[in-house]
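Structure record follows, encoded as C-alpha cells.
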C-alpha cells in the first residue's frame, strides 16, 4: 500500500480524486454541501486539469467510492507562506459525506487522509472552518477551536 | 492610476509587493504578527519566485511603504473550487500593520485593496480568520462572523 491510498477496515478505500469521478457523482455529492450550479463534464475536466495536473499542484482532493459512486470527499489546499521560516499551511475545504453513508466514520477517514498528506508536504499546521455543529467532529479528528472566520460575499 | 496600486489620502500608497521589499523590512514587519524565524534574502527571493512569479499566480501580496520601510501588509490567496459553478474564493492571510503606524487606517486600506483584487479575479467571496479582538476591525471592513476556525499543529 503506498501513501497515495488507504484501505479502511470496511473495505472502502480513501484515494486521490480522478477525472473519471465526475461520472461517479462527485459533483452531485458536493451539492449536499453547498450550491454547485450546473457544471458539465467538460467544465469539470477543464477545472480538474487547471488545478490538479500542474507539477507540485497545491490541491489534493480525497474521495471514497462505494458501489461505483463517490460517497465522501474533502480537499486540501497547501498555502506557501513567508512566515514560519517560509513554511506551508494546509487548508481543508469542502468536506462532505453522502447522507446515506453517515455514521461509518468516512468523514474522519477523509480528514485523516488530508491531514497525513499535509504532514508529508511539511505543513506546520492544518486549518479549516466549520459551523458550530461540526466542532465536535473535528475535535475528534484532533483539531481544536482557534479563531473566528469572517466572510464577505460579492453580489 | 491603474488597478495595481492605490494612493491613500495621506500620500501612502498601497501596492503589490516587490522582491526588493525584503530590504525594506518586509520580514521584520511579519515578526509583529507571528513567528518568522531567520529567513535570508536568498530564501526570501526563492519563495518569492516560487509563489509570485508564476503566470496567473494565486498569490497577491499588498504592502504600504513609509519612509523606505514596509509598514503594512496582507496576502490574498485565490482558491479555485469545483463548487459554486467552479468558482473562486479569496483567502486573506497575514495582515499586519507596524505598531508605530496604527490608527492611520492602513489595515483597512490593505484589506480593501486585497478585497478589490479578489473581486476583479471573480471570487464569489473573501474569507479570513481572526481573533476576537480583531472582529470589530473586520466588521468595519464589511466582513461578518461566519464560522469557527479549527486548527491542528504538527510537532
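Chains as they are written, first to last, in the UniProt record's numbering: chain X, 1 to 155; chain A, 1 to 155. Think of the CB as a built atom: it goes at the ideal place given N, C-alpha and C, for glycine as much as any other residue. Computed from a prediction, not measured in an experiment: that's the story for all the values here.
Chain A partners of residue i, CB-CB under 9 Å?
| i | result |
| --- | --- |
| residue 85 of chain X | 35, 36, 37, 38, 39, 43 |
| residue 55 of chain X | Under the 9 Å cutoff, chain A gives no residues; its nearest Cβ is about 11 Å from residue 55 of chain X. |
| residue 65 of chain X | Residues of chain A passing the Cβ test: none, with the nearest at roughly 17 Å. |
| residue 125 of chain X | 151, 152, 153, 154 |
| residue 60 of chain X | Per Cβ cutoff of 9 Å: no residues; residue 60 of chain X is ~13 Å from chain A at best. |
| residue 114 of chain X | The contacting residues do not exist; residue 114 of chain X stays about 11 Å from chain A at best. |
Within a Cβ cutoff of 7 Å, which residues of the same chain sit near residue i, ignoring the five residues on either side of it in sequence?
| i | result |
| --- | --- |
| residue 68 of chain A | 24 |
| residue 137 of chain X | 107 |
| residue 66 of chain X | 12, 101 |
| residue 74 of chain X | 62, 92, 94, 95, 110, 111, 114 |
| residue 43 of chain X | none |
| residue 135 of chain X | 145 |
| residue 33 of chain A | 94, 96 |
| residue 99 of chain X | 32 |
Please work out which residues of its chain come closer than 8 Å, Cβ to Cβ, to residue i, disregarding the five sequence neighbours upstream and downstream, and give them in chain order.
| i | result |
| --- | --- |
| residue 84 of chain X | 124 |
| residue 142 of chain A | 115 |
| residue 45 of chain A | 19, 22 |
| residue 149 of chain X | 129 |
| residue 156 of chain A | The requested residue 156 of chain A does not occur in the structure, where chain A is confined to residues 1 to 155. |
| residue 152 of chain X | none |
| residue 41 of chain X | 22, 23 |
Alpha helix (DSSP H) containing residue i: first to last residue?
| i | result |
| --- | --- |
| residue 157 of chain A | The structure shown does not extend to residue 157 of chain A, since chain A is modelled only from 1 to 155, so the question has no answer here. |
Starting from residue i, find everything on chain X with Cβ-Cβ shorter than 8 Å and list it in chain order.
| i | result |
| --- | --- |
| residue 119 of chain A | 154 |
| residue 142 of chain A | 152 |
| residue 27 of chain A | 82 |
Determine the extent of the beta strand (DSSP E) in which residue i is found, giving its start and end residues.
| i | result |
| --- | --- |
| residue 30 of chain X | Note, residue 30 of chain X: premise wrong, no beta strand (DSSP E); alpha helix (DSSP H) at 26-30. |
| residue 147 of chain X | 144-153 |
| residue 128 of chain A | 123-130 |
| residue 14 of chain A | 13-16 |
Show which residues of chain X have a CB atom less than 9 Å away from the CB atom of residue i.
| i | result |
| --- | --- |
| residue 135 of chain A | 148, 150 |
Residues of chain A with CB closer than 7 Å to the CB of residue i, please, in chain order.
| i | result |
| --- | --- |
| residue 145 of chain X | 148, 150 |
| residue 77 of chain X | 79 |
| residue 51 of chain X | 80 |
| residue 23 of chain X | Those within 7 Å of residue 23 of chain X in chain A number zero; the least Cβ separation is about 14 Å. |
| residue 128 of chain X | 150 |
Between residue i and the rest of its own chain, which residues show a CB-CB distance below 6 Å, the 5 nearest in sequence each way excluded?
| i | result |
| --- | --- |
| residue 48 of chain X | 19 |
| residue 30 of chain X | 36 |
| residue 104 of chain A | none |
| residue 17 of chain X | 61, 63 |
| residue 39 of chain A | 27 |
Could you list which residues in chain X have their beta carbon closer than 7 Å to that of residue i, in chain order?
| i | result |
| --- | --- |
| residue 47 of chain A | 80, 82, 86 |
| residue 30 of chain A | 82, 83 |
Next item on the list: Scan the stretch 32-117 of chain X and note each continuous alpha helix (DSSP H) run of 4 residues or more that stays entirely inside, going in chain order.
Entry: 41-52, 83-86
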